[in-house]
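Trainee:
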Amino acid sequence: MLEVRDLVVRYRRGFLSAPGLAAVNSVSLTLPLGHTLGIVGESGSGKSSLLRAILRLVPVTSGAIRLNGQDFLSLKGPSLRVARHGIGVVAQNPFLSLSPRLTIAEILAEPMQAAGLAVNHRARAASLLAQCGLPAEFLTRRARELSGGQAQRVAIARALTLSPSLLVLDEPTSALDVSVQAQILNLLQDLKQDLGLSMLFVTHNLKVVAHISDSLLVMQRGEVVESGPTDQVMQAPTKAYTQELMGFGRHALRP
Amino acid sequence: MSLVKRLGLPGTLCLCVVVVFALAAMLAPFVAPYAAQGIGTPNISAKFQPPSAAYWLGTDHLGRDMLSRVIYGARVSMTTGVLIVAVSLLIGLPVGLLAGYFGGWADEGFMRITDIFLAFPALLLAVLMAAALGAGMLNCIISVAVTWWPWYARLARAEVLVLRNQPYVEAARLMGVSPPRILLRHILPAALRPLGVQAALDVGPALLTASALSFLGLGVLPPTADWGQMVDAGRPFFPARWWYAVSPGVAIFLLALAFSVLGDALRATGRRDA
Amino acid sequence: MLEVRGLQVVINSDLQVVRKVDLSVPKGTIHGLIGESGCGKTMTGMAILGLLPKGAGLQAGTFTFEGTDLLSGAATLRGRRIALVSQDPAAALNPVLRVGRQMDDVLRTHSNVAKPARRAQAAALLAATGLPDPDRVLNAYPHQLSGGMQQRVVIAQALATGADFLIADEPTTALDVTVGAQVLALLRRLVAQRGLTILMITHDMDVVAEVCDRASVLYAGITVEEGPTEALLRAPRHPYTKALLAALPDARPKGQRLAALEGAIPPPRQIIQGCAFAPRCPMAMPVCATPPPRRTEGERFWLCHLEARDA
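Now the structure itself:
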């Protein structure tokens, strides 16, 4: 459903200066329907640039992106806005990505209004919250009255409002405690099963993404250094870098 | 939370000063001891009386009660001060919002225009404008507002540049929310607070500038009471009949100071909340 | 080296940020202080450093550092025996001063050698933290260094104070995984070579497994379990420790649901009568409404009503 071919993103330093180094250098990936692809990398690996390019938040230098068979890069203005309804996005920090001024009901109604959805906004918002494990009382609250885990559930509910086929997750658990992270990962697992969502999961934490992804893509300095089915990459990484990313710690203790 | 705790003691005192002046201005016909003289009716028999029990702040060269004149002057000064800021905001805010959000040529165009305005000394430009338009309260407001709005355009643009990259604004864009809606629902409410603080800070300088124009004879005309024009009228009699120039002068000083301190206090509460 | 019994920190006389922390850190070891946000681990570190916020009340049965009572004299040890390595090295360094100047500021207050000698000392300390070209680093501004290099400079600064006890508050959280691993290896080496003692404040079980000799688990400002790292991670005794380990994404095979812990920690205002974890505990019993007994086994202890064999 999502296909990226030879994507290159170069940032210009100034208006007239020559383009700089490629933040994303000729990356290709395929995400079939219902699959979860994990994109792993450290800071400066280009994973965020790749993600932002796929969401059309930064200009693409060259390459192609096809979403559900549609040439996503050629879309402009209103048709881009409509195409974006098919993608739900969850960012790292829910307290920054949810407007501090609006109630949860207003936050969840916003995409429905934008898309001109002819449903009872409040009822739909309540059912979305329920799907994400929150009671309807939360509709009248504001984001800052919630805990980190609850706020992230709201962000996920918002991403699901327009029934997208693709969910893009940008470090969705990195700002959360371990026990809350487990709740969110479980929720994503459930949603994937119930809704048949495709997911693009970007993170620096290989262990988190390995738990939830069908396949992995490891990035370093703008390039893909390793990719394949999760089990294969985790059990027999071909690159020392991937091995290093798996990190240190408890696996040495395992019986 | 109590008001004193939020604004601090100086802020609260200045809020009181502003409220007292505002009430006096609104209720001028009822609180002024000689309402008719406040509007301008002469009372020659009592001219140049020093402050006394009958005339708390003395009388002017036409025998009018200074206290009543100052109270009526508050009407004019506060209205001009507030209107100058309001008109400037009305022009500057949309310009800044659009320039900041859309960037590119809109930004370049609008900002070069503000540069042209900002390149002139503000008071000089206001004086030139007022001289060209002629005296009168409305012209005075327009003249000052013309020199004032680019500051708000600048400030609004700077706020928008920060806000439009906030994750929650980006999230709205990704959900396909249209630009006008993003501007009105997400960016404007967040930008209003710092702009509001700046506006409160600016009422003082605005009424000072308007008073300066009146002092130069380019603003409000007699017999309407205006502080700047009253200071000018009292100047030839200073220091012998000091109360004539000093009473409106002190009023200008008090109100301008009160607005500045109040604005500062508001800014501090904004920081504490954030 | 550090002995803490029943440490309690109350802010504005009603926020119990630390309720009952017990800690015992022998010389030359790394001790992990594990907990989720709001469990009081950073406040415990601040109490040891004598850097508690205004309005904080401090109480303890025992609170000593090599015989010095920290209840009265914590501030005098800070910067001489005890130093802090914080989470964000970029914030710990002054952005407008060269590294050399910042190292020298520390050395000057702690020794009375001449400036050229101090420069050599600074270079030697930077080299000891594994920075390849100390002279170049001394002339650099912090922003010219990578995050990992900045953290090494912060560690070198801590060593420059002459401190032999470091409080490392999430020292690798702001760093990339691969860089974090190198910093942890450096800390381990410093302990072996210089006889340093480290209190490692972290939420990351992997950090604990990697470098800590012993660790304590904090919940709601209470030490609920303490013991040697390996025993603690392999065979946790307290239900909270178990829950934390089970919630890790690699605790279960791919795709299986993780054992998420529902509920939230009790707020600092709440007065806790019995076991703090009981409301969320899968094994809670009626008796958990009373204070849990302290159970010991070899070098470890935990607070729970359950017998070791049931747990």
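Line by line, the protein sequences give chains R, E and V.
Heads up: the first sequence begins at 44 in this note's numbering, then just goes up one per residue.
Heads up: the second sequence begins at 106 in this note's numbering, then just goes up one per residue.
Heads up: the third sequence begins at 2 in this note's numbering, then just goes up one per residue.
Positions of the beta carbon are idealized from the N, C-alpha and C atoms, including for glycine.
Just so it is clear, the structure is predicted and the values come from calculations on it, not from any experiment.
With distances taken Cα to Cα, identify the nearest neighbour of E:D170 among E:D369, E:R180, E:Y139.
Mentor: Here the closest residue by C-alpha is E:Y139.
Trainee: Terminal residues of the continuous alpha helix (DSSP H) containing E:S316?
Mentor: Start and end: 293–320.
Trainee: DSSP three-state label for V:E308, please.
Mentor: Three-state result, V:E308: coil.
Trainee: Could you give the distance in angstroms between the alpha-carbon of V:S217 and the alpha-carbon of R:I97?
Mentor: Straight-line Cα distance between these residues: approximately 44 Å.
Trainee: Let's test the definition: count the other Cβ atoms within 10 Å of the Cβ of R:K282 and tell me whether it reaches 16, buried, or not, exposed.
Mentor: Label assigned to R:K282: exposed.
Trainee: Can a CB atom of chain R be found closer than 8 Å to the CB of E:Y273?
Mentor: Yes, E:Y273 counts as interfacial toward chain R.
Trainee: What residues match up with R:F244 in a beta bridge as DSSP calls it?
Mentor: BP columns for R:F244 point to R:G81, R:L212.
Trainee: List, in order along the chain, the chain E residues whose C-beta lies closer than 9 Å to that of R:V197?
Mentor: None at all; the shortest Cβ gap to chain E is about 11 Å.
Trainee: Mind listing the chain R neighbours of V:T179? Cutoff is C-beta to C-beta under 9 Å, in chain order.
Mentor: Within 9 Å Cβ-Cβ: E85, Y284, E287, L288, G290.
Trainee: Give a yes or no on whether 8 Å exceeds the smallest Cβ distance from R:N136 to chain E.
Mentor: Output row for R:N136: interface = yes.
Trainee: Could you tell me the alpha carbon to alpha carbon distance between V:S273 and V:L85, rounded to whole angstroms?
Mentor: The residue you asked about is not Ser; residue 273 of chain V is Ile in the sequence shown. Straight-line Cα distance between these residues: approximately 31 Å.
Trainee: Suppose you measure from the CA of V:A57 to the CA of V:V10; what does that come to, to the nearest Å?
Mentor: Each residue's alpha carbon lies about 6 Å from the other.
Trainee: Exposed or buried, which one is V:G36 when buried takes at least 16 other CB atoms within 10 Å?
Mentor: It is buried - the Cβ of V:G36 has at least 16 other Cβ atoms within 10 Å.
Trainee: Where R:R297 and V:R235 are concerned, what is the direct C-alpha to C-alpha distance, given to the nearest angstrom?
Mentor: Only weak support exists for where R:R297 lies, its pLDDT of 47 falling under 50; the coordinates are left without a value.
Trainee: Quick one: what does DSSP say R:Y54 is sitting in, helix, strand or coil?
Mentor: Correct three-state label for R:Y54: strand.
Trainee: Do we get a CB-CB distance below 8 Å when we pair R:D220 with the residues of chain V?
Mentor: Yes, contact with chain V.
Trainee: Compute the beta-carbon to beta-carbon distance between R:L139 and R:I150, rounded to the nearest angstrom, for a pair I have assumed lies under 8 Å.
Mentor: So it is not a contact: roughly 13 Å between Cβ atoms.
Trainee: Hey, how far is the Cα of E:F135 from the Cα of E:R174?
Mentor: In a straight line, the C-alpha of E:F135 is about 13 Å away from that of E:R174.
Trainee: Taking the C-alpha atoms as reference points, what is the distance between E:G168 and E:I357?
Mentor: Taking the straight line joining both Cα atoms gives about 22 Å.
Trainee: What does the Cβ neighbour count give for V:R137, buried or exposed, with the cut at 16 atoms within 10 Å?
Mentor: Exposed is the call here.
Trainee: E:G168 touches chain R at which residues, Cβ-Cβ below 7 Å?
Mentor: Ordered by position in chain R, no residue passes the 7 Å Cβ test against E:G168, which lies about 56 Å from the chain.
Trainee: Between which two residues does the alpha helix (DSSP H) containing E:I196 stretch?
Mentor: Where E:I196 is concerned, the enclosing alpha helix (DSSP H) stretches over 171–207.
Trainee: Using the beta-carbon count (16 or more within 10 Å), is E:S316 buried or exposed?
Mentor: Label assigned to E:S316: buried.
Trainee: If you measure from the beta carbon of V:P90 to each beta carbon in chain R, is any gap under 8 Å?
Mentor: Not closer than 8 Å to any Cβ of chain R, the Cβ of V:P90 fails to qualify, so no.
Trainee: Between E:R111 and the rest of its own chain, which residues show a CB-CB distance below 6 Å, the 5 nearest in sequence each way excluded?
Mentor: Answer for E:R111: T374, listed in chain order.
Trainee: Are there three or more Cβ pairs, one per stretch, closer than 8 Å when the stretch 61–80 of chain V is compared with the stretch 224–238 of chain V?
Mentor: Verdict: no, contact absent.
Trainee: Output needed in chain order: residues of the stretch 102–125 of chain R with a Cβ under 7 Å from some Cβ in chain E.
Mentor: Answer set for the stretch 102–125 of chain R: R124, V125.
Trainee: Spatial neighbours of V:A128 within its chain, please: CB distance less than 7 Å, with the 5 preceding and 5 following residues excluded, ordered by chain position.
Mentor: These residues qualify, in order along the chain: P135.
Trainee: Report the partner residues of V:W303 according to the DSSP bridge assignment.
Mentor: V:W303 pairs with V:E226, V:R296.
Trainee: Pull up the CB-CB distance for R:T146 and R:L182, whole angstroms please, since I reckon it's below 8 Å.
Mentor: That belief holds up - the Cβ atoms of R:T146 and R:L182 are roughly 7 Å apart, short of 8 Å.
Trainee: When you compare the CB of R:P215 with every CB in chain E, is at least one pair closer than 8 Å?
Mentor: R:P215 does not count as touching chain E.
Trainee: If R:A168 sits next to R:A148, beta carbons under 8 Å apart, how far is it from one beta carbon to the other, in whole angstroms?
Mentor: About 5 Å; that satisfies the 8 Å criterion.
Trainee: Using a Cβ-Cβ cut-off of less than 8 Å, list which residues of the stretch 264–288 of chain V approach chain R; keep chain order.
Mentor: The residues in question are A265.
Trainee: E:G281 CB to nearest chain R CB: under 8 Å?
Mentor: Yes, its Cβ sits closer than 8 Å to a Cβ of chain R.
Trainee: If distances are taken between C-alpha atoms only, which option among E:D331, E:D369, E:G339 comes closest to E:R180?
Mentor: The shortest C-alpha separation from E:R180 is found at E:D331.
Trainee: Buried or exposed: V:V22, going by 16 or more other Cβ atoms within 10 Å of its Cβ?
Mentor: Label assigned to V:V22: buried.
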